[in-house]
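In the numbering used here, the protein residues as written are 164 to 377. Working notes, beginning with the structure itself.
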């Protein structure tokens, strides 16, 4: 860490305030984050599981109807962009739109190159949600989200200091509970445990004051 002494005072790089991400860093962050999230969602779908948020809702709908996940995911997220523009600004909204498009495209590519057919639901719940959690952190830290409940949680964190992970945990519970209409109770329990894991990852690693990059 660089230091500088000036008239007896000691100044560190930390005192200079947050260092904004460059455009290249944002692009790489979006690519990495969406790649990891989309792979996690493919694993969850292969295990016939759901997760929370609009991603989980889209998984649920794509399992119930013969519609590609990418198309459902993009459509479900459209109504949330008004909140994104008003609550987080245009940069966040544009980056989030790009992230949603990338996840939609990459999820289709994953199924071509990694044709998962039989996978343990327990493994899918752990691996899929860990990947989704890590990918979402990357997106959050580069001023982006996957829309939907992510936007609601981030706006509440900014305005009220409520950790985004905890807000998502409450909202996700409603999505997972609705999967009882299509899935066996044991599948719902495993999906719920995976969603708790994902949101704990977010709550621990992305909270007010923990990360100051922009």
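Glycine included, each C-beta is placed from N, C-alpha and C at the ideal position. As the structure is a prediction and not an experimental result, all values here were calculated from the model.
By how many angstroms is the C-alpha of residue j removed from the C-alpha of residue i?
i: residue 216; j: residue 277; result: 24 Å
i: residue 359; j: residue 294; result: 13 Å
i: residue 351; j: residue 291; result: 15 Å
i: residue 182; j: residue 269; result: 30 Å
i: residue 353; j: residue 337; result: 15 Å
i: residue 244; j: residue 341; result: 24 Å
i: residue 189; j: residue 308; result: 12 Å
i: residue 348; j: residue 224; result: 18 Å
i: residue 265; j: residue 255; result: 15 Å
i: residue 321; j: residue 192; result: 21 Å
i: residue 364; j: residue 228; result: 31 Å
i: residue 267; j: residue 356; result: 25 Å
i: residue 231; j: residue 369; result: 31 Å
i: residue 326; j: residue 344; result: 30 Å
i: residue 289; j: residue 195; result: 20 Å
i: residue 235; j: residue 260; result: 14 Å
Grouping DSSP H, G and I as helix and E and B as strand, with all else coil, what is residue i?
i: residue 259; result: helix
i: residue 314; result: helix
i: residue 304; result: coil
i: residue 279; result: coil
i: residue 361; result: helix
i: residue 213; result: coil
i: residue 346; result: coil
i: residue 325; result: coil
i: residue 284; result: helix
i: residue 250; result: helix
i: residue 336; result: helix
i: residue 200; result: helix
i: residue 168; result: Reliability fails at residue 168, whose pLDDT of 42 lies under 50, so the model's placement of it is uncertain and the value that follows must be treated cautiously. If DSSP states are grouped into helix, strand and coil, residue 168 belongs with the strands.
i: residue 242; result: helix
i: residue 234; result: helix
i: residue 273; result: helix
i: residue 331; result: helix
Compare the C-alpha of residue i against each of the options and name the closest.
i: residue 311; options: 254, 219, 268, 227; result: 219
i: residue 333; options: 343, 289, 362, 344; result: 362
i: residue 273; options: 319, 197, 259; result: 197
i: residue 339; options: 262, 221, 261, 258; result: 221
i: residue 262; options: 246, 288, 326, 306; result: 306
i: residue 206; options: 330, 234, 319, 271; result: 271
Classify residue i: buried if its beta carbon has 16 or more other beta carbons within 10 angstroms, exposed otherwise.
i: residue 367; result: exposed
i: residue 346; result: buried
i: residue 185; result: exposed
i: residue 324; result: exposed
i: residue 331; result: buried
Could one say the Cβ of residue i lies closer than 8 Å to chain B's Cβ atoms, at least one of them?
i: residue 190; result: In summary, chain B is missing from the structure at hand, where a single protein chain is found.
With respect to 7 Å, is the separation between the Cβ of residue i and the closest non-hydrogen atom of the ligand GDP below this value?
i: residue 286; result: Among the ligands in the structure shown, none appear at all, so the ligand GDP cannot be discussed.
Stretch-stretch touch, CB-based, cutoff 8 Å, three pairs: the region 197-211 with the region 281-296
yes
Whether or not the region 240-254 and the region 297-305 are in contact is what I'm after, with contact meaning three or more pairs of Cβ atoms, one per stretch, closer than 8 Å; do they touch?
In short, these stretches do not touch, since the Cβ pair count stays below three.
Pairing CB atoms from the region 243-250 with CB atoms from the region 314-321, are three or more of them under 8 Å?
yes
For the region 268-277 and the region 196-205, state whether three or more C-beta atom pairs, one from each stretch, are separated by less than 8 Å.
Judged by Cβ distances under 8 Å, the region 268-277 makes contact with the region 196-205, as three or more pairs qualify.
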